[in-house]
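Chemist: Take a look at this one; I'll ask things after.
Structure below.
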C-alpha cells in the first residue's frame with residue numbers, strides 16, 4: 236500500500252506534467268464573412284479540447300472581411316488544428332497561431348530618453364510582456380541608461396555613410412538578435428524603403444501628431460508659435476511612405492496660451508511615451524490586425 240509520501244510525489248509529478256503540456260495560444264483569423272464562421276471555428280476548438288479564454292470578432296461590412304482573435308488554452312497539436320481550420324474556412328482566409336508569452340524586441344534610438352526609459356522600466360517590471368534584446372543607437376547618448384538594465388547597447392554611427400549603407404549596418408545588427416518587432420523610440424533618421432520592406436508590419440514608430448503641419452526637429456516650438464490648443468502623438472507601423480503607415484494608437488491633450496514651448500514639449504513627451512506603450516501592449520498581445528493601410532484592434 237503506497238504511503239502518503241508516495242501519493243504526494245505522484246500528485247506533484249502529475250501537476251508538473253500538466254503544467255508542461257498545457258499552453259496558451261492566440262488564434263487570429265481573417266477571411267470572407269460567411270454567417271456560420273464563428274460556429275465553425277469554435278466547434279473545431281471544442282473538437283481539439285481547447286478552452287476558449289477570450290474571443291473577439293469584427294466584421295468590416297465595407298470590405299466583407301471577418302476578423303477574429305481567439306485566446307485558447309489546452310494541449311495543442313498545431314498542425315492538426317491548422318489543417319482542420321483550413322478545411323473549414325473559405326478560400327482566401329488567413330489564419331495564424333501564436334504562442335502566448337514575451338516577444339523579443341529591438342529598440343532603435345537617437346538621443347531622446349523619455350520613450351526608451353519608459354519601455355525599459357515596463358519591460359523590467361512586467362508592464363509590457365516583452366524582452367528587450369538590444370537597443371541600437373546612432374549616438375552614444377543613451378548607452379549609460381540602457382546598460383543600467385543589463386541590456387546590450389549597440390552603436391551604429393551614421394557618420395560618413397549613405398542612408399542605404401547605414402540602414403544595411405543597422406539591419407545586420409538587428410538580425411543578430413532575431414526580434415519579433417523593431418521599435419523606433421524617437422529614432423530620428425528617415426529609413427529607406429528597402430529597410431522597411433525587410434521587416435513588414437514589424438516596425439513600430441512613435442511621432443508627434445503635428446505632422447505634416449510641424450515637421451522638423453523643433454515641432455513643439457513651432458506649435459507654440461502657432462498657438463495650438465491640442466498636442467498629441469501617434470503610434471503606427473512603418474511602410475514605404477514616411478509617417479503614413481497603419482495607425483495603431485493615438486491620443487491628444489489640451490493645452491492653452493499659458494503653456495511655454497518647454498511645457499508643451501514636456502506634455503508632448505508624456506503623451507508620446509504613453510501612446511507608444513499602449514500600442515505595444517496591443518501589438519504584443521496579438522490584438523492588432525493590419526488590413527490594407529488600416530488596423531483592426533481586438
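In the working numbering, the protein residues as written are 236 to 533. Where is the CB? At the ideal position from N, CA and C, for every residue including glycine. If you're wondering where the values come from, they're calculated on a predicted model, not measured in any experiment.
1. Among the residues of its own chain, which have a CB less than 6 Å from the CB of residue 349, if the five just before and after it don't count?
2. Pop quiz: residue 506 and residue 488 are said to be a contact at Cβ under 8 Å. What is the actual Cβ separation, rounded to whole angstroms?
3. Within 9 Å of any Cβ in chain C, is that where the Cβ of residue 463 sits?
4. Going by DSSP, what residues sit across from residue 297 in a beta bridge?
5. Excluding the 5 residues preceding and the 5 following residue 347 in the sequence, name in chain order all residues of the same chain whose CB lies nearer than 7 Å to its CB.
6. For residue 402, does the count of other Cβ atoms within 10 angstroms reach 16, so buried, or fall short, so exposed?
7. Kindly indicate the opening and closing residues of the alpha helix (DSSP H) around residue 328.
8. What three-state label does DSSP hand residue 515 in the structure shown?
9. Given that a residue counts as buried once 16 or more other Cβ atoms are within 10 Å of its Cβ, and exposed if not, what is residue 303?
10. Going by CA-CA distance only, name the one from 366, 485, 396 that's closest to residue 413.
11. Return the chain-ordered ranges of every alpha helix (DSSP H) run that is complete within the stretch 334-404 and spans a minimum of 4 residues.
12. Please classify residue 461 as buried or exposed, where buried requires at least 16 neighbouring CB atoms within 10 angstroms.
13. Between the Cα of residue 351 and the Cα atoms of 373, 418, 374, 395, which residue gives the shortest distance?
14. Touch check for the stretch 377-387 and the stretch 352-363: three-plus C-beta pairs under 8 Å?
15. What is the rounded straight-line gap between the Cα of residue 368 and the Cα of residue 452?
16. Which same chain residues, not among the five before or five after residue 340, have their C-beta less than 6 Å away from its C-beta?
17. With DSSP run on the structure shown, which of helix, strand or coil describes residue 268?
18. Let me know the secondary structure DSSP gives residue 437 once reduced to three states.
19. Could you name the residues of the same chain whose beta carbon sits closer than 6 Å to that of residue 275, not counting the 5 residues immediately before and after it, in chain order?
20. Do residue 439 and residue 431 count as a contact pair if the criterion is CB distance below 9 Å?
21. Got a sec? Which residues, its chain only, sit under 8 Å from residue 300 by beta carbon, not counting five neighbours each side?
22. Taking residue 259 as the reference, give the member of 334, 327, 372, 326 with the closest Cα.
23. For residue 471, report the span of its beta strand (DSSP E) as first-last.
24. Counting along the chain, where does the beta strand (DSSP E) carrying residue 419 start and finish?
25. Taking DSSP as the reference, what is the three-state secondary structure of residue 526?
26. Any idea what DSSP makes of residue 486, helix, strand or coil?
Modeler: The relevant details are as follows:
1. Excluding sequence neighbours, residue 349 sits near 504, 508.
2. Between residue 488 and residue 506 the Cβ distance is about 6 Å, and since that is below 8 Å, they are a contact.
3. Looking for chain C here will not work: only one protein chain is present.
4. None, per the DSSP bridge assignment.
5. Within the same chain, and ignoring the five residues on either side of residue 347 in sequence, the residues whose Cβ sits closer than 7 Å to its Cβ are 421.
6. Flag for residue 402 reads buried.
7. Where residue 328 is concerned, there is no enclosing alpha helix (DSSP H), given that its DSSP letter is neither H nor E.
8. Residue 515 falls in the helix class under three-state DSSP.
9. Buried, since its Cβ has 16 or more Cβ neighbours within 10 Å.
10. Among 366, 485, 396, the Cα nearest to that of residue 413 belongs to 366.
11. With a minimum length of 4 residues, the continuous alpha helix (DSSP H) runs that stay inside the stretch 334-404 are 349-359, 378-382.
12. Looking at its Cβ environment, which holds fewer than 16 other Cβ atoms inside 10 Å, residue 461 is exposed.
13. Residue 351 has its Cα closest to that of 418, out of 373, 418, 374, 395.
14. Yes, since at least three Cβ pairs between the stretch 377-387 and the stretch 352-363 fall closer than 8 Å, the two stretches touch.
15. Spanning the alpha carbons of residue 368 and residue 452 requires a straight line of approximately 28 Å.
16. Result list for residue 340: 365, 367, 414, 416, 418, in chain order.
17. Taken through DSSP and simplified to helix, strand or coil, residue 268 comes out as coil.
18. Annotated three-state conformation of residue 437 is coil, per DSSP.
19. Hits under 6 Å: 323.
20. Judged by beta-carbon spacing, residue 439 lies beyond the 9 Å limit of residue 431, meaning their Cβ atoms are not closer than that value.
21. Listed in chain order, the non-local C-beta contacts of residue 300 below 8 Å within the same chain comprise 265, 266, 267, 268, 294, 526, local neighbours out to five positions each way being set aside.
22. Taking the Cα of residue 259 as reference, the smallest distance to any Cα among 334, 327, 372, 326 is reached at 334.
23. In the DSSP assignment, residue 471 falls within the unbroken beta strand (DSSP E) covering 465-472.
24. For residue 419, the enclosing beta strand (DSSP E) starts and ends at 416-419.
25. If DSSP states are grouped into helix, strand and coil, residue 526 belongs with the strands.
26. Strand at residue 486.
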